[in-house]
Amino acid sequence: MNMTIEKELELINGYTRSTLSAEDVYIFSVTLCDNEVDRDFERFSTESLALLGELFKGKTGISDHSMRSADQRARIFRTYTEKQPGKKTSCGEDYTALKARAYMLRTDENASLIKEIEGGIKKEVSIGCAMKDCLCSVCGKDMKRHLCEHIKGKLYGDKLCHGILKNPTDAYEWSFVAVPAQRNAGVTKAFNKEEKREKMTIEKFKNLKEDTLITAEELESLKAHIGSLENLASEGRAYREHLISEIKRYALIIMPTVNLSAFIKGCDCMDIGEVKSLCKSLREQADSRIPAAPQLAPVKETHSSDNSYFKI
Ligand SMILES: [Zn+2]
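Following the working numbering, the numbering of the sequence shown begins with 1347 at its first residue and continues without gaps.
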């Protein structure tokens, strides 16, 4: 979207104390994000892009993994959405990108960064933002509050389940990153400030290729992240143990003479999905064996010679 330099300077000078002229500033464009499904199997709804753009106005950008506020050298002064004629997303919508125009002062300190931007070396940016809603693409229910049973990244019929992000509530800083290996690797979404800081910190360390310093705040974020992973892991272990004890119970009902410890040993090399589906199929078979079982589904007519009891 074109705009005259005079008009852009007017917008820039809305953010500065002294009036800047065209010679004082270096103006460039960046793509902040788009409406394509990303590596987290989430996408921004097309209308949320424009709303997010409003929130990014005036936000400063930092270069790479620099932590000093002195390195917050560029500021977004205008944003707009842009379609690409004929280009569709994987969901069949018009591909739309959220673009930003940013400026930085033409100072000696900024000279090398300006060169890198002009040379196309610095062109990918990562952003951090907070979104209020994440709706399931299959059923439309709120995935953030776990109101549906669909799993992001899985196919349901020919529909890929993903989260549709709506109603942005905040935009945080944006920063230049080394060209990400994955498509759309630069978007960090979070639902609150702590989560956002944690995600941004982890993203930073994932992208690192050299020695770095770590701030106390980042250290806290990493500790919090490790803590939440440990909680998840222990919950996962407890769930797995619960499933295994269920499997033992059902196995004894269906196959009273089975070598139980050998049978259970086989579960060790299964992932949690396989254990879950084994447990489910054993439960169904056990339920049909003992019609008095409490969580009884309608009993199907079965024949005692039906070998499917023994299929797992
Ligand atoms: Zn759903």
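Built from N, CA and C at the ideal position, the CB exists for glycine as well. On a predicted model such as this, the values are computed, not experimentally measured, just so you know.
Would residue i and residue j qualify as a contact pair, given that the criterion is a beta-carbon distance under 8 Å?
{"i": "Asn1381", "j": "Ser1391", "result": "yes"}
{"i": "Tyr1518", "j": "Cys1475", "result": "yes"}
{"i": "Leu1511", "j": "Ser1394", "result": "yes"}
{"i": "Leu1606", "j": "Ala1597", "result": "yes"}
{"i": "Gly1404", "j": "Tyr1361", "result": "yes"}
{"i": "Cys1485", "j": "His1492", "result": "no"}
{"i": "Lys1468", "j": "Phe1402", "result": "no"}
{"i": "Tyr1372", "j": "Met1450", "result": "yes"}
{"i": "Gly1509", "j": "Met1489", "result": "yes"}
{"i": "Gly1399", "j": "Leu1444", "result": "yes"}
{"i": "Phe1387", "j": "Gly1466", "result": "no"}
{"i": "Glu1544", "j": "Ala1570", "result": "yes"}
{"i": "Thr1547", "j": "Ser1567", "result": "yes"}
{"i": "Cys1494", "j": "Lys1487", "result": "yes"}
{"i": "Ile1593", "j": "Cys1615", "result": "no"}
Give the C-beta separation of residue i and residue j to the nearest angstrom, bearing in mind that I take them to be a contact with Cβ-Cβ under 8 Å.
{"i": "Ala1448", "j": "Arg1421", "result": "6 Å"}
{"i": "Arg1424", "j": "Glu1354", "result": "7 Å"}
{"i": "Trp1520", "j": "Ser1483", "result": "Actually they do not touch by this definition, with Cβ atoms about 26 Å apart."}
{"i": "Ile1610", "j": "Arg1635", "result": "Incorrect: roughly 20 Å between the Cβ atoms, too far for contact."}
{"i": "Val1376", "j": "Ala1457", "result": "That pair is no contact at about 19 Å."}
Does the beta carbon of residue i fall short of 7 Å from some heavy atom of ligand 1?
{"i": "His1496", "result": "yes"}
{"i": "Cys1480", "result": "no"}
{"i": "Lys1490", "result": "no"}
{"i": "Val1484", "result": "yes"}
{"i": "Lys1505", "result": "no"}
{"i": "Lys1545", "result": "no"}
{"i": "Lys1626", "result": "no"}
{"i": "Lys1487", "result": "yes"}
I need the boundaries of the alpha helix (DSSP H) containing residue i, first residue and last residue.
{"i": "Ile1600", "result": "1562 to 1600"}
{"i": "Phe1423", "result": "Here Phe1423 belongs to no alpha helix (DSSP H); instead the beta strand (DSSP E) covers 1420 to 1434."}
{"i": "Lys1462", "result": "Per the sequence shown, the amino acid found at residue 1462 is Glu instead of Lys. Looking at the DSSP string, the run of the alpha helix (DSSP H) that includes Glu1462 is 1457 to 1464."}
{"i": "Asn1359", "result": "1351 to 1359"}
Starting from residue i, trace the beta strand (DSSP E) both ways and give me its first and last residue.
{"i": "Leu1397", "result": "Premise fails: Leu1397 lies in the alpha helix (DSSP H), 1392 to 1402, not in any beta strand (DSSP E)."}
{"i": "Leu1606", "result": "Where Leu1606 is concerned, there is no enclosing beta strand (DSSP E), although the alpha helix (DSSP H) it sits in stretches over 1606 to 1611."}
{"i": "Arg1447", "result": "1440 to 1451"}
DSSP puts residue i in a beta bridge; with which residues?
{"i": "Ser1367", "result": "DSSP output for Ser1367 lists no bridge partner at all."}
{"i": "Gly1509", "result": "Glu1388, Cys1482"}
{"i": "Asp1614", "result": "The partner list for Asp1614 (beta bridge, DSSP) is empty, contrary to what the question assumes."}
{"i": "Thr1603", "result": "Thr1603 is not bridged to any residue."}
{"i": "Val1471", "result": "Phe1522"}
{"i": "Ile1408", "result": "Ser1521"}
{"i": "Ser1375", "result": "Arg1447"}
Examine ligand 2 and report whether any of its heavy atoms sits within less than 7 Å of the Cβ of residue i.
{"i": "Tyr1596", "result": "The model on display carries ligand 1 but not ligand 2."}
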